[in-house]
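Student: My numbering applies: residue 152 is where the sequence shown begins, and numbers increase by one. This is the structure I have questions about; it appears just below.
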Amino acid sequence: MAYRRPWSLERLRGALASAVFLACAGAAGAQSVQYAYSTNTSSPGALSGFAKSAATGALTAVAGSPFAGGLAPQQIALDPAGKFAYALNPDADSVSMFQVDGTTGALSEVAGSPFGTVFPSGGGTHPQAVAIGGGGLYVYIGNKTGALPNDGSIDVYQVSATAPGLVAL
């Protein structure tokens with residue numbers, strides 16, 4: 152599940168601040184959120200991870216956060232089980248895939264990541280949106296491929312059953 156808000160509001164002054172993209176993960180089969188991840192505009196190329204206190208709901212940084220997230224990641228999404236995170240890198244025409252440690256919330260980039268969105272079959276450029284479907288088996292990436300507002304494409308990937316990774320369909 153991914154949440155995108157194109158703006159944020161500074162508490163003290165009420166001024167608009169830079170964009171933040173947020174994704175939350177719960178344990179498989181659980182309704183409660185255990186971890187939250189965001190792109191980090193103050194540290195380009197980073198993803199920040201947070202653990203939620205079951206008692207208070209307060210967020211604290213997970214060990215190792217912030218994590219290297221690719222070239223200026225601009226959106227992040229997690230699969231429904233909270234096992235994998237996907238960060239879009241529009242400037243690099245790629246998506247980075249991470250395994251989520253279910254105990255600590257730490258992110259580790261999987262082998263072969265980042266995965267390019269422009270190959271092998273002429274996929275799109277400048278990925279802008281990511282959605283997870285099929286119970287976490289498929290990753291859909293919306294691309295902005297041209298100069299016109301409606302110029303775009305959708306790439307479909309299957310999550311590899313043998314090793315963490317993406318296979319273009």
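Think of the CB as a built atom: it goes at the ideal place given N, C-alpha and C, for glycine as much as any other residue.
1) Pair every Cβ in the segment 277-287 with every Cβ in the segment 254-267, then say whether three or more of these pairs are closer than 8 Å.
2) The beta strand (DSSP E) with threonine 211 in it runs from where to where?
3) Any contact between the segment 224-237 and the segment 205-212? By contact I mean 3 or more CB pairs, one from each, below 8 Å.
4) For the beta strand (DSSP E) containing glutamine 250, name the first residue and the last one.
5) Among residues of its own chain, excluding the 5 on either side of asparagine 191, which ones have a beta-carbon nearer than 8 Å to its beta-carbon?
6) With DSSP run on the structure shown, which of helix, strand or coil describes aspartate 242?
7) Can you tell me which of Val310, Tyr289 and Gly233 puts its alpha carbon nearest to the alpha carbon of alanine 110?
8) Ordered along the chain, which non-local residues of its own chain (more than five positions away) have a Cβ less than 6 Å from that of aspartate 230?
Tutor: Once the coordinates are examined:
1) no
2) 210-212
3) no
4) 245-251
5) Ala197, Leu198, Ser199, Pro217 and Gly220
6) helix
7) With the chain covering 152 to 320 only, the question about residue 110 has no answer from this structure.
8) Short of 6 Å from the beta carbon of aspartate 230, and not among the five residues preceding or following it, lie these beta carbons of its own chain, in chain order: Ile283 and Gly287.
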